[in-house]
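Residue numbers (my numbering): 3 to 423.
We treat Cβ as the ideally placed atom computed from N, Cα and C, and that holds for glycine.
Just so we're clear, the structure is a prediction, and the values are computed from it rather than from any experiment.
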């Protein structure tokens, strides 16, 4: 029996699916529109042998699928942050660490997180945005409301007026410890790619997905012109923000078409600033949640050697639209607000994920009610087409590298099951 599989997208979901299927003896071809593998994983390198992440960065200690692959590829994990100890806040023009928070402020944060945990325990998906839910909680202190609003941008790249409070509640399901892949997140993507070798075809975007009886096909843009490639199965891992603009000629259910058409993606600009010294360490910065043009700031070089250091700054949701085009200037302005008289950065790098044609957003989020309605009965296959990507992962892993990896594993298992029937 033929075992031909096309994988669309060489992000972590596509690379994982291809890796597992090649191990199982399938003939796999991976087509990637970008000139590199990794998708929304993108490590960049600076002078002084330092690096930072313009894309996905953090690994929770509960991300067992990623940790397992890291072990297989002899990649080391190193500490990034510990929650909540390393959280800092810049609210109403004042800077707070965990040690300098007033008792009323800490109690108010505990109160709002407890209420969110109750939603999670009830598996609730209220018909309220996070902003509406906060406004209805009259007992919550304004400080806690402001922190949670900024966390909506920082965690989900979404406005609190858009994200469903039921989905936001899942932010509390991560582990207590954040880790990074030593040498950069791209090390994992490159490890998969090294194994897959010539199976991967870069600079090859697809324009159409089709199916005829038992055969599926994709139309590709190549330097020779448009060509069509046939297989027994297709694993589609690209974001639905991109997929919805392609020709999809397969038998989708109404719920699938609705989800592909309307699933929202956060918008985000991430900027890295390298400085000659780590002046922020004097103020015990960890992960700063701030009312500034960039809502989150942290150090990327905690375990990297030398006096030089890199700060990562993210601006998300509607505020990021004001950052686009002035990203480096406003990132340095944000750092100067948090630390007056901060020096000028030695080197910079920035990426606007909403302007990236192959992502058209950062990662998915859910509006009120869609979490329950789409996740309860939405199948991730249609004929010979299997959908994967962080947007199809278990909800607690959406937006994470772990979610992409788990979805790739699930897609490979589905094809293995189909092949045995």
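- Residue state for residue 105 is assigned as helix, using DSSP reduced to three classes.
- A distance below 6 angstroms between beta-carbons, with the five flanking residues on each side excluded, links residue 136 to the following residues of its chain, in chain order: 147.
- With respect to the 8 angstroms criterion, residue 211 and residue 240 are not classified as neighbours on the basis of their beta carbons.
- In the DSSP annotation of this structure, the continuous segment of the beta strand (DSSP E) that includes residue 389 starts and ends at 387-389.
- Between residue 89 and residue 272, the CB-CB gap reaches or exceeds 8 angstroms.
- Bridge pairing for residue 301: 313 [DSSP].
- Under the DSSP definition of a beta bridge, residue 269 lacks any partner.
- For residue 407, the three-state secondary structure derived from DSSP is helix.
- Beta bridge pairing from DSSP links residue 64 with no other residue.
- Residue 95 counts as exposed, since fewer than 16 other beta carbons sit within 10 angstroms of its beta carbon.
- Per DSSP, residue 90 is not a residue of any alpha helix (DSSP H); the beta strand (DSSP E) it occupies stretches across 89-93.
- Excluding its 5 nearest sequence neighbours in each direction, residue 126 has C-beta neighbours in its own chain below 7 angstroms: 168, listed in chain order.
- Under the criterion of beta carbons closer than 8 angstroms, residue 220 and residue 202 do not qualify as touching, at roughly 15 angstroms.
- In the DSSP assignment, the residues bridged to residue 29 are 6.
- Burial check for residue 12: the Cβ neighbour count within 10 Å reaches 16 or more, so the residue is buried.
- With respect to the C-alpha of residue 415, the residue from 322, 23 and 404 having the closest C-alpha is 23.
- DSSP places residue 223 in the strand class (E or B) of the three-state scheme.
- Contact annotation: residue 388 and residue 319 have beta-carbon atoms that are not nearer than 8 angstroms.
- Straight through space, the alpha carbons of residue 290 and residue 386 are spaced by roughly 46 angstroms.
- If one requires a minimum length of 4 residues, the alpha helix (DSSP H) runs lying completely within the segment 137-204 are 144-158, 167-170 and 188-198, in chain order.
- In the three-state DSSP reduction, residue 210 falls in the strand class (E or B).
- Per DSSP, the continuous beta strand (DSSP E) segment holding residue 251 begins and ends at 249-251.
- Taking 8 angstroms as the cut-off, the Cβ atoms of residue 312 and residue 276 count as close.
- Shown here for residue 368: same chain residues with a beta carbon closer than 6 angstroms to its own, the five before and five after excluded, namely 166 and 169 in chain order.
- Under the three-state reduction of DSSP output, residue 117 falls in the helix class.
- Shown here, residue 338 sits in a helix according to DSSP, grouped into three states.
- In this chain, the beta strand (DSSP E) harbouring residue 52 covers 52-55.
- In the structure shown, the three-state DSSP call for residue 96 is strand.
- Relative to the Cα of residue 93, the nearest Cα in the group 336, 402 and 309 belongs to 336.
- The C-beta separation of residue 77 from residue 190 comes to about 6 angstroms, placing the pair in contact by the 8 angstroms criterion.
- Rounded to whole angstroms, the separation of the alpha carbons of residue 381 and residue 232 is 23 angstroms.
- Residue 200 is classed as exposed because its beta carbon has fewer than 16 other beta carbons within 10 Å across all chains shown.
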